[in-house]
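Colleague: Below: one structure in structure tokens.
Numbering (the UniProt record's numbering), first residue to last: 1 to 400.
See below:
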């Protein structure tokens with residue numbers, strides 16, 4: 001009596017270019033043997049071959065190739081035979097499938113403990129209505145819903161892959177977000193480093209001169225460090241631009257107020273009036289500015305490389321409380337001391353045209369500027385206070 005052919009459960013799915021078959025057969029061992037049949041072991045070899053559905057004429061020597069699983073494609077028909085554990089226990093299972101359209105005759109398979117996965121390449125990239133040439137689906141064959149995509153989903157998948165490829169090419173040409181972030185951090189680190197070194201030089205220079213010369217160092221401060229202060233304050237324009245174009249998250253207004261206020265004192269009050277350059281107030285203005293900035297720029301510099309030094313952070317968010325009011329007070333004193341000099345020299349004063357013919361002294365604008373100094377102090381003080389509160393928060397009262 002002829003042995004019954006056992007077929008495993010087979011699940012299939014497709015893409016435009018490939019077919020996927022999942023054979024529900026476990027414990028299939030990948031094995032390829034070449035046996036030589038001799039008269040002395042014909043019975044043993046014949047029994048072994050029968051387990052895989054092969055036979056050889058007894059009583060003669062021959063070479064027989066054994067492969068498990070045996071998977072091949074001939075004349076567009078997939079042939080499968082393997083020994084494993086299926087619905088009927090541990091047996092030899094086989095099936096044959098004639099494909100609907102032409103496929104490449106090199107199937108690729110992968111064994112797992114629970115199944116055999118087979119991939120077949122279509123010769124023409126297109127969507128098939130069904131898997132087999134015969135319209136009636138074999139009983140052992142079913143769709144693989146875990147991998148199944150309908151035609152519209154497949155089109156979407158192809159479009160998604162194409163978009164992903166184009167996005168990758170665009171990112172490679174434009175630079176990835178991570179690269180842009182690193183460039184921004186590197187640029188800000190260098191800017192803060194230069195400013196830190198500049199203001200540190202001013203602060204150390206003034207400190208050393210005061211320790212050596214005492215009060216005598218007050219009166220030639222401008223001629224000693226003015227060039228470096230000019231450089232640092234002109235470079236500070238970049239800080240306001242960074243805030244305006246979004247390179248940094250700082251608000252523009254506080255940065256702009258500080259920039260305009262300091263540059264007015266430096267370039268107009270000190271820079272244009274030689275009489276002001278020898279006054280002691282210059283020392284205090286420059287010393288307080290540099291004391292504020294060495295902690296601010298060093299903090300920003302470490303932030304760019306994701307470092308948090310708690311002592312420096314505390315100094316950054318605390319020292320401004322006494323230093324900013326003292327700095328504004330020193331600026332106000334310098335403006336007050338310059339008013340008589342501007343009145344005497346008439347510099348920047350002008351006369352309104354006929355018929356008014358009123359002389360407008362520059363000191364009038366300086367008096368208005370004195371009010372603006374303290375208004376700017378209020379805006380910056382409020383901004384810095386909010387920063388400190390966000391950083392450290394308000395201490396919660398203990399509930400007993």
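No residue lacks a Cβ here, since even glycine has one placed at the ideal position from N, Cα and C.
Give a yes or no on contact between the stretch 214-227 and the stretch 251-265, applying the rule of three or more CB pairs nearer than 8 Å.
Modeller: Short answer: they don't touch.
Colleague: Quick check on residue 147: buried or exposed, where buried means 16 or more other Cβ atoms within 10 Å of its Cβ?
Modeller: Flag for residue 147 reads exposed.
Colleague: Closest to residue 373 by CA distance: which of 122, 356, 388, 336 is it?
Modeller: Nearest of 122, 356, 388, 336 to residue 373, Cα basis: 336.
Colleague: Rounding to the nearest angstrom, what Cα-Cα distance links residue 246 and residue 129 in this structure?
Modeller: C-alpha separation (whole angstroms): 55 Å.
Colleague: Going by CA-CA distance only, name the one from 127, 376, 116 that's closest to residue 99.
Modeller: With distances taken between Cα atoms, residue 99 lies closest to 127.
Colleague: Under 8 Å by Cβ, that's how I've got residue 125 and residue 9 pegged, so tell me the actual separation to the nearest angstrom.
Modeller: Contact doesn't hold; Cβ gap of about 28 Å is too wide.
Colleague: Going by CA-CA distance only, name the one from 90, 87, 132 that's closest to residue 76.
Modeller: Of the listed residues, the one whose Cα sits closest to residue 76 is 132.
Colleague: Could you name the residues of the same chain whose beta carbon sits closer than 7 Å to that of residue 279, not counting the 5 residues immediately before and after it, in chain order?
Modeller: Closer than 7 Å at Cβ, skipping near neighbours: 337.
Colleague: What does a CB cutoff of less than 6 Å around residue 396 pick up in its chain, not counting 5 residues either side in sequence?
Modeller: Note on residue 396: pLDDT 44, under 50, position unreliable in the model; the coordinate value appears next. None.
Colleague: Expressed to the nearest angstrom, what Euclidean distance is found between the alpha-carbon atoms of residue 284 and residue 233?
Modeller: Each residue's alpha carbon lies about 16 Å from the other.
Colleague: Compute the distance between the beta-carbons of residue 123 and residue 108, then report whether it is under 8 Å.
Modeller: Not a contact, by the Cβ cut-off of 8 Å.
Colleague: On the criterion of 16 or more Cβ atoms from any shown chain inside 10 Å, does residue 22 qualify as buried, or is it exposed?
Modeller: Per the 10 Å Cβ criterion, buried.
Colleague: May I have the straight-line CA-CA distance separating residue 401 from residue 111, to the nearest angstrom?
Modeller: What is shown of the chain runs 1 to 400, which leaves residue 401 out entirely.
Colleague: For residue 304 and residue 188, what's the separation of their Cα atoms in angstroms?
Modeller: Distance between the alpha carbons of residue 304 and residue 188 is about 7 Å.
Colleague: Starting from the N-terminal side, write out each stretch of the alpha helix (DSSP H) that is 4 residues or longer and does not extend beyond the stretch 314-357.
Modeller: If we require 4 residues or more, the alpha helix (DSSP H) runs fully inside the stretch 314-357 come out as 320-345.
Colleague: Short check: CB of residue 7 to CB of residue 145, under 8 Å?
Modeller: No, the pair does not count as a contact, with Cβ atoms beyond the cut-off.
Colleague: What does the alpha-carbon distance come out to for the pair residue 20 and residue 115?
Modeller: Taking the straight line from one Cα to the other gives about 13 Å.
Colleague: Give the range of the beta strand (DSSP E) segment to which residue 386 is assigned.
Modeller: Here residue 386 belongs to no beta strand (DSSP E); instead the alpha helix (DSSP H) covers 362-392.
Colleague: Only counting runs of 4 or more residues, tell me where the alpha helix (DSSP H) segments fall wholly within the stretch 213-280, in order along the chain.
Modeller: If we require 4 residues or more, the alpha helix (DSSP H) runs fully inside the stretch 213-280 come out as 221-245, 252-263, 274-277.
Colleague: With 16 other CB atoms within 10 Å as the buried threshold, where does residue 183 fall?
Modeller: Its Cβ having fewer than 16 others within 10 Å, residue 183 is exposed.
Colleague: Quick one: grab the DSSP three-state call for residue 64.
Modeller: Its pLDDT being 44, under 50, residue 64 is placed unreliably in this model, and the value from its coordinates should be taken loosely. Strand, per DSSP.
Colleague: Could you tell me which residues DSSP puts in a beta bridge with residue 12?
Modeller: In the DSSP output, where bridge partners are listed per residue, residue 12 has 21, 143.
Colleague: Using only the alpha-carbon positions, how far apart do residue 334 and residue 343 sit?
Modeller: Taking the straight line joining both Cα atoms gives about 15 Å.
Colleague: Can you give the Cα-Cα distance for residue 240 and residue 209, rounded to whole angstroms?
Modeller: Near 32 Å, if we compare the C-alpha coordinates of residue 209 and residue 240.
Colleague: State whether the stretch 313-321 contacts the stretch 282-300, with contact taken as three or more CB pairs (one from each stretch) at a distance under 8 Å.
Modeller: The stretch 313-321 vs the stretch 282-300: in contact.
Colleague: In its own chain, which residues sit with a C-beta less than 7 Å from the C-beta of residue 254, not counting the 5 before and 5 after it?
Modeller: Cβ neighbours of residue 254 beyond the five flanking positions: 379, 380, 383.
Colleague: Closest by CA to residue 270, which one among 339, 13, 204?
Modeller: Minimum Cα distance to residue 270 is reached at 339.
Colleague: Just the C-alpha distance for residue 83 and residue 72, rounded to the nearest angstrom, thanks.
Modeller: Cα to Cα, residue 83 sits roughly 15 Å from residue 72.
Colleague: Once you ignore the five residues that flank residue 376 on each side, which residues in its own chain have a CB closer than 7 Å to its CB?
Modeller: Same-chain partners within the cutoff: 257, 261.
Colleague: Starting from residue 106, trace the beta strand (DSSP E) both ways and give me its first and last residue.
Modeller: Residue 106 -> no beta strand (DSSP E), and no H or E assigned at all.
Colleague: Please report the distance separating the alpha-carbon of residue 324 from that of residue 219.
Modeller: About 23 Å.
Colleague: Using a 10 Å radius around the Cβ and a threshold of 16 neighbouring Cβ atoms, would you call residue 118 buried or exposed?
Modeller: Buried.
Colleague: Write down the C-beta distance between residue 288 and residue 326 rounded to the nearest angstrom, noting that I regard them as a contact closer than 8 Å.
Modeller: Rounded, the Cβ-Cβ distance is 6 Å, consistent with contact.
Colleague: In three-state DSSP terms, what is residue 116?
Modeller: Residue state, collapsed to three classes: strand.
Colleague: Which residue from 217, 236, 206, 213 puts its Cα closest to that of residue 193?
Modeller: Residue 193 has its Cα closest to that of 236, out of 217, 236, 206, 213.
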